[in-house]
Amino acid sequence: MPYQGGQVYPAAPGAGAPKPGRRTAVIVAVVVVLVLAVAGGGAAYWWLRGRGGAPADLTKPTSGWTKAWANGYKEVWALDAPKNEPGPKGRISIKHIGDYFIRAVSDDSQAHVEVFSLTSKTPKLLWEEDFDFKTEYYFIDVWQGKLIEDGELVDLGSQKHEDAPWEAGATISVNGDKAISCEGATCTMWSSSKQRVWQKKLPFDDPGSEDATISPGFGHDAIASIFHRSRRETQ
0 MPYQGGQVYP
10 AAPGAGAPKP
20 GRRTAVIVAV
30 VVVLVLAVAG
40 GGAAYWWLRG
50 RGGAPADLTK
60 PTSGWTKAWA
70 NGYKEVWALD
80 APKNEPGPKG
90 RISIKHIGDY
100 FIRAVSDDSQ
110 AHVEVFSLTS
120 KTPKLLWEED
130 FDFKTEYYFI
140 DVWQGKLIED
150 GELVDLGSQK
160 HEDAPWEAGA
170 TISVNGDKAI
180 SCEGATCTMW
190 SSSKQRVWQK
200 KLPFDDPGSE
210 DATISPGFGH
220 DAIASIFHRS
230 RRETQ
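Here it is, written out as structure tokens:
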């Protein structure tokens, strides 16, 4: 969806003063700007006024805002549209991980995944592959430099496949270098594909049906939720 952002500039000379009927709108706009500046702890005013309190000159390199910024964004690179564009119910997903850029075109129950290297001036396609998925939507999940594909891990650099430490159909949540997998009502945290941190049987009935699944997630604490069509429980 197209959008526009950035600095708002006053009307060009000769545009004329605002009509009386528009004065209220102008005053409201000024108040909003002042409120934003105060909410920012004075930082917005400092950047606008310059270091010594004098008006900032955007043409000088010492200004808070550079001339390049004033001229707008510059395109660094662009990718061609994917060869296999999704159908009416399909979608395109992207993810940037370190020196890799991942693009997935998913439709129905299959996703075409492309992995690009960003170590050069323009993205270089390293590999592409089709994967099946059973969830409603395809999500790009990466853990420790490896793409999570159900019960497999695929290395972003080499495309090498290896078995994941969890079974196919498990629900997965990744945070940094840790991952939590939930199979039935049993959830496990992993620090690597060979190292289990802990495992816990949750005090939930094993879902065992398509209308109830356990979904893990964590930040400072680990959280698991079981979703039913009519209710949701959290542990």
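Numbering follows numbering that gives the first Met the number 0, in which position 26 of the sequence shown is assigned residue number 25; successive positions increment by one, without gaps.
We put the beta carbon where it would ideally sit given N, CA and C, even for glycine.
(message) Taking the alpha-carbon of V173 as reference, which of E74, L146, R90 and L201 has the nearest alpha-carbon?
(response) By one-based count along the sequence shown, residue 173 stands at place 174. Cα-wise, what sits closest to V173 is L146.
(message) By the DSSP assignment, the beta strand (DSSP E) with F130 in it spans what residues?
(response) Taking the sequence shown and counting its residues from 1, one reaches residue 130 at position 131. Element bounds for F130: K123 to D131.
(request) State the Cα-Cα distance for the pair N83 and S105, rounded to the nearest angstrom. (result) As a first step, residue 83 must be located in the sequence shown, where it is residue number 84. As a first step, residue 105 must be located in the sequence shown, where it is residue number 106. Their backbone Cα atoms lie some 9 Å apart in a straight line.
(message) Please classify E113 as buried or exposed, where buried requires at least 16 neighbouring CB atoms within 10 angstroms.
(response) As a working mapping, residue 113 is identified with position 114 in the sequence shown. Counting C-beta atoms within 10 angstroms of its own C-beta, E113 has 16 or more neighbours from the protein chains shown and is therefore classed as buried.
(request) Mark R102 as exposed unless 16 or more other C-beta atoms lie within 10 angstroms of its C-beta, in which case mark it buried. (result) The count along the sequence shown starts at 1 and reaches residue 102 at position 103. With 16 or more other Cβ atoms within 10 Å, it is buried.
(request) Provide the residue span of the beta strand (DSSP E) that contains F196, from first to last. (result) Counted from its first residue, the sequence shown places residue 196 at position 197. One point to set straight first is that residue 196 is Val, not Phe, in the sequence displayed. Here the beta strand (DSSP E) through V196 covers Q194 to K200.
(request) Could you spell out where the beta strand (DSSP E) holding Y72 opens and where it closes? (result) Numbered from its first residue, the sequence shown carries residue 72 at position 73. Looking at the DSSP string, Y72 is not in any beta strand (DSSP E), and its letter there is neither H nor E.
(request) Could you tell me whether the stretch 136 to 150 touches the stretch 90 to 97, using the rule of 3 or more Cβ pairs below 8 Å? (result) yes
(request) Tell me whether D98 sits in a helix, a strand or coil according to DSSP, three-state version. (result) Taking the sequence shown and counting its residues from 1, the one referred to as residue 98 is at position 99. Coil at D98, not helix or strand.
(request) State the DSSP-derived secondary structure class of D154, mapped to helix, strand or coil. (result) Here the question's residue 154 lines up with position 155 in the sequence shown. Reduced to three states, the DSSP call for D154 is strand.
(message) On the CB-based measure, 16 or more other CB atoms within 10 Å of its CB, does W189 come out buried or exposed?
(response) The residue labelled residue 189 in the question sits at position 190 within the sequence shown. Answer is buried; the Cβ neighbour count reaches 16.
(message) Tell me which residues share the same chain as W142 and place their Cβ nearer than 6 Å to its Cβ, disregarding the 5 neighbours each side in the sequence.
(response) Residue 142 sits at position 143 when you count from the first residue of the sequence shown. Only V173 and A178 meet the Cβ criterion.
(message) Among A184, K133, D131 and I96, whose alpha-carbon lies nearest the alpha-carbon of L117?
(response) By 1-based counting over the sequence shown, the position of residue 117 is 118. Per the Cα distances, I96.
(message) Output needed for R195: all residues of its chain with C-beta closer than 8 Å, excluding positions within five of it in sequence on either side, in chain order.
(response) As a working mapping, residue 195 is identified with position 196 in the sequence shown. Taken in chain order, the residues that qualify are P164, T187, M188 and W189.
(message) Considering just the uninterrupted stretch of the beta strand (DSSP E) at N244, what are its terminal residues?
(response) Given that the chain is displayed from residue 0 to residue 234, the structure contains no residue 244 and the question cannot be resolved.
(request) Kindly list the residues whose CB is nearer than 6 Å to the CB of E209, restricted to its own chain and excluding five residues on each side of it in sequence; keep chain order. (result) The residue labelled residue 209 in the question sits at position 210 within the sequence shown. Summary for E209: the model assigns pLDDT 45, below 50, so the residue's position carries little reliability; its value from the coordinates is reported in the next sentence. The answer is none, since no qualifying residue turns up.
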